[in-house]
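K.L.:
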Amino acid sequence: MRGPHGTAGGEPVSAQESRQPLVTTLPDPAASIDPFSAGRDRLLLIAGPCVIESEEHTLRMAEAIKAIAGRAGFPCIFKASYDKANRTSLASYRGPGLDAGLRVLERVRLDVGLPVLTDFHEPGQAAAVAEAADVLQVPAFLSRQTDLIVAAARTGRIVNIKKAQFMAPWDIEFSINKAREAGAERIWVTERGVCFGYNNLVSDMRSLVVMARYGCPVIYDATHSIQIPSGAGGKSGGERQYLEPLLRAAVAVGVDGVFMEVHDDPDRALCDGPNQLPLDRLLDVLETIRRIDAARRGDT
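The structure is reproduced here in structure tokens:
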């Protein structure tokens, strides 16, 4: 069994703490919304905190995001990591670990009623993760790792491959082919920025067009695209002020879904706070990109 990892940047939120629900008045999403129809007739939303901070916080965030997505008319998949295995520092908070984390994600599926996406880092974790998650994500740093891609593909779950920060957009074809040849029938690919010098990422919107050539839904990760990797003294920073402009640009170019890490208090988040979207901005952001997407599709 995997145990809890170290913490940094604030104490973990206690699973026993009680707070008022973040959202109490927004309606639940319509039952007819299919969260797996990425890009078919509307944008898919993948959203949630970077990492599981506690069971209580995760469930509360899932309930809030579900309600907001429903109000904005977005099919929604909840995301959170059980283990941030690629933190810059050994002292940084990583999450609750595999066993405890998957139990929390299973509660999101069963109690909140949202499908779940999570990332995994070792081929031997794939079967267990597939029991708790609907979408297995291959992390960007590992998107060329054949064994990881094959393990994800063989679970029968949707496989979301994040394009590495060092990878050309046309090179994602080879990762896609690995997944297809291993039996994956549903593959998504995600753009999350490309290295531009040291400690810097940029979003090349041409990548969205290139990646779409390979027959898979294309997702734009608006939060990791504004990350400053390892650029904040032993941890990653971020430029949150660019999140919404880049998101609008990506939707205008044309994507099938958007990926956003969302937190009710990003400045106190235990991982990637500087590039997470504040929860109280989510509804406005979704309504804005819904209008942009409708205009792009010619639905206005």
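Taking our numbering, the leading residue of the sequence shown gets 958, the next gets one more, and so forth.
Quick reminder that beta carbons are idealized off the backbone N, C-alpha and C, glycines included.
Note that the structure is a prediction, hence the values are computed from the model and not measured.
Are the region 1243 to 1252 and the region 1066 to 1084 touching by the rule of at least three beta carbon pairs closer than 8 Å?
P.N.:
no
K.L.:
Does the beta-carbon of GLU1012 have 16 or more other beta-carbons within 10 angstroms, so that it is buried, or is it exposed?
P.N.:
buried
K.L.:
Would you check if the region 1144 to 1152 and the region 1099 to 1119 touch, i.e. whether three or more CB-CB distances between them fall below 8 Å?
P.N.:
yes
K.L.:
The alpha helix (DSSP H) with ILE1009 in it runs from where to where?
P.N.:
DSSP places ILE1009 outside any alpha helix (DSSP H), giving it a letter other than H or E.
K.L.:
Apart from the five residues on each side of it in sequence, which residues of its chain come closer than 8 Å, Cβ to Cβ, to TYR1135?
P.N.:
The residue asked about is misnamed: residue 1135 is Lys in this sequence, not Tyr. The residues are THR1103, ILE1106, VAL1107 and ALA1110.
K.L.:
Count the other C-beta atoms from every protein chain shown that fall within 10 angstroms of the C-beta of GLU1138, then say buried if there are 16 or more, exposed otherwise.
P.N.:
exposed
K.L.:
I think LYS1036 touches ARG1051, with their Cβ atoms under 8 Å apart; what is that distance to the nearest whole Å?
P.N.:
About 16 Å; that fails the 8 Å criterion.
K.L.:
Three-state secondary structure (DSSP) at ASP1241?
P.N.:
helix
K.L.:
Would a C-beta distance cut-off of 8 Å place LEU1059 and LYS1023 closer than the cut-off?
P.N.:
no
K.L.:
Where does THR1112 fall in DSSP's three states?
P.N.:
Three-state DSSP puts THR1112 in coil, outside helix and strand.
K.L.:
ARG1149: buried (16+ other C-beta within 10 angstroms of its C-beta) or exposed?
P.N.:
buried
K.L.:
Which residue from ARG1197, SER1182, ILE1129 and LEU1001 puts its Cα closest to that of VAL1166?
P.N.:
ILE1129
K.L.:
How about the region 1160 to 1180 and the region 1209 to 1226: do they share at least three Cβ pairs that are nearer than 8 Å?
P.N.:
yes
K.L.:
State buried or exposed for ARG1017, treating a residue as buried only when at least 16 other CB atoms are found within 10 Å of its CB.
P.N.:
buried
K.L.:
Using a 10 Å radius around the Cβ and a threshold of 16 neighbouring Cβ atoms, would you call GLN1198 buried or exposed?
P.N.:
exposed
K.L.:
From CYS1152 to MET1162, what distance separates their C-alpha atoms?
P.N.:
14 Å
K.L.:
Where does the unbroken alpha helix (DSSP H) through LYS1135 begin, and where does it stop?
P.N.:
1129 to 1138
K.L.:
Within a Cβ cutoff of 6 Å, which residues of the same chain sit near PRO1223, ignoring the five residues on either side of it in sequence?
P.N.:
Only GLY1230, GLN1233 and PRO1235 meet the Cβ criterion.
K.L.:
Helix, strand or coil for ASN1043, going by three-state DSSP, please let me know.
P.N.:
coil
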